[in-house]
Amino acid sequence: MRMKEMARRSGVHERSLRYYEQQGLLSPERLPSGYREYSEADLETVRRIRCLLTAGLSTAVIAQVLPCIRDDDGRLAPTCPNLVGQLRTERERMTREIDALRTSRSLLDTVLDAAPRDVLSRAG
DNA sequence: TTTCTTACA
DNA sequence: TGTAAGTA
Numbered sequence: 028m029r030m031k032e033m034a035r036r037s038g039v040h041e042r043s044l045r046y047y048e049q050q051g052l053l054s055p056e057r058l059p060s061g062y063r064e065y066s067e068a069d070l071e072t073v074r075r076i077r078c079l080l081t082a083g084l085s086t087a088v089i090a091q092v093l094p095c096i097r098d099d100d101g102r103l104a105p106t107c108p109n110l111v112g113q114l115r116t117e118r119e120r121m122t123r124e125i126d127a128l129r130t131s132r133s134l135l136d137t138v139l140d141a142a143p144r145d146v147l148s149r150a151g
């Protein structure tokens with residue numbers, strides 16, 4: 028299938044599909060015209076990519092993860108031992124980000140708590 | 001008409 | 001990420 032159908036079937040914008048390819052996540056065939064020709068396997072790959080992006084992984088990490096993952100009726104499972112370690116590392120990174128955001132929110136709360144009543148009454 | 005690449009905001 | 005230009 029070509030770009031338009033792939034975008035429709037996968038629910039991913041054409042722009043994003045080209046971006047995934049640019050990042051090495053996808054490599055559809057090329058027609059003599061230069062047009063991309065996507066396979067059903069590519070469609071599955073895109074579904075996995077979306078799943079992994081939702082899991083908060085970067086495209087760089089996903090590029091490494093994709094060849095090392097199995098798909099049990101829609102549920103992704105790692106098939107390489109080293110991948111498990113890498114995913115744990117990603118999880119730790121997320122935890123640090125969450126902690127950083129908690130700190131930011133706490134500081135913001137402090138600022139908001141300092142707002143005078145007259146200002147609060149006129150605020151949205 | 002559709003898709004391509006490249007480039008800029 | 002969205003969009004526009006200029007092609008094949």
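Number 28 in the numbering used here belongs to position 1 of the first sequence; there are no gaps in the numbering.
Every residue gets a Cβ at the ideal spot worked out from N, C-alpha and C, and that includes glycine.
ask   = Under the three-state reduction of DSSP, which class applies to Ala68: helix, strand or coil?
value = helix
task = On a CA-only basis, which of Asp99, Glu124, Leu139 and Leu93 is nearest Gly51? Give me that one, please.
result = Leu93
ask   = Which residues mark the beginning and the end of the alpha helix (DSSP H) in which Leu139 is found?
value = Pro108 to Asp140
key: Endpoints, the beta strand (DSSP E) within which Leu103 is located   = Arg102 to Pro105
query = Taking Met28 as the reference, which of Arg74, Cys78 and Ala68 has the closest Cα?
reply = Ala68
inquiry  = Quick check on the DSSP output: the alpha helix (DSSP H) that includes Arg149 runs from which residue to which?
reply    = Arg144 to Arg149
ask   = Is it the case that the Cβ atoms of Glu64 and Leu58 are separated by a distance below 8 Å?
value = yes
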